[in-house]
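Notes follow once the structure below has been shown.
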Amino acid sequence: MDEIQLSLNPKGHGAFFIEKDGERLAEMVVSVAGENLTVYHTEVSEKLRGQGVAGKLLKAMTTYVREHGLKVIPLCPYVNAEFRRHPDQFADIWNQDWHNKP
Numbered sequence: 001m002d003e004i005q006l007s008l009n010p011k012g013h014g015a016f017f018i019e020k021d022g023e024r025l026a027e028m029v030v031s032v033a034g035e036n037l038t039v040y041h042t043e044v045s046e047k048l049r050g051q052g053v054a055g056k057l058l059k060a061m062t063t064y065v066r067e068h069g070l071k072v073i074p075l076c077p078y079v080n081a082e083f084r085r086h087p088d089q090f091a092d093i094w095n096q097d098w099h100n101k102p
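Residues 1 to 102 (UniProt numbering) are what the sequence shown spells out, left to right.
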C-alpha cells in the first residue's frame, strides 16, 4: 500500500490521498479553516476497493486533526456515517455544534 499524503493549498483546501505513478487512486477532500477541518468527499479507485483504504484515509485524517487540535465537520457521507456509527471513538474531534447552528 502506498503512503497516504496530505496536500493543502494556501487557502487550506486539499486532500489526504494515495497516488501511484501519477494517478490518484484514493482521496479524502478536505478544507481547514480556523479550528475546523471539513471533510467533503471520500473516493477510492476500483483498483484499491476492498482493501480498507477509506478507513486508512479516515485514520490519517483523524490523526492529523488530533495532532493539530482541530475539530471535524463531517459533510462527507462516509465520514459522517463512521462518526455516527462510532460516536465514542470520535467524540473528542467531532464538531457537533456546527450541525446545530441556525
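For each residue, glycine too, the CB sits at the ideal point set by N, CA and C.
The structure presented is a predicted model; accordingly, all values stated were derived computationally and were not measured.
By the criterion of a C-beta distance shorter than 6 Å, residue 98 is surrounded in its chain by 73, once the five residues flanking it on both sides are discounted.
Using a C-beta cut-off of 8 Å, the region 80-90 makes no contact with the region 17-31, since fewer than three inter-stretch Cβ pairs fall below that distance. Taking 3 residues as the shortest admissible run, the UniProt domain "N-acetyltransferase" (8-95) contains the following complete beta strand (DSSP E) segments, listed from N- to C-terminal end: 13-20, 23-33, 36-44, 71-74. In this structure, the straight-line span from the alpha carbon of residue 87 to that of residue 10 is close to 31 Å. Nearest to residue 16 by C-alpha distance, out of 51, 36, 64, 33, is 64. Classified as buried, residue 57 has 16 or more neighbouring CB atoms from the shown chains inside 10 Å of its CB.
Cα atoms of residue 40 and residue 13: separation of roughly 11 Å, rounded to the nearest angstrom. A Cβ-Cβ separation of about 7 Å places residue 18 in contact with residue 53 under the 8 Å criterion.
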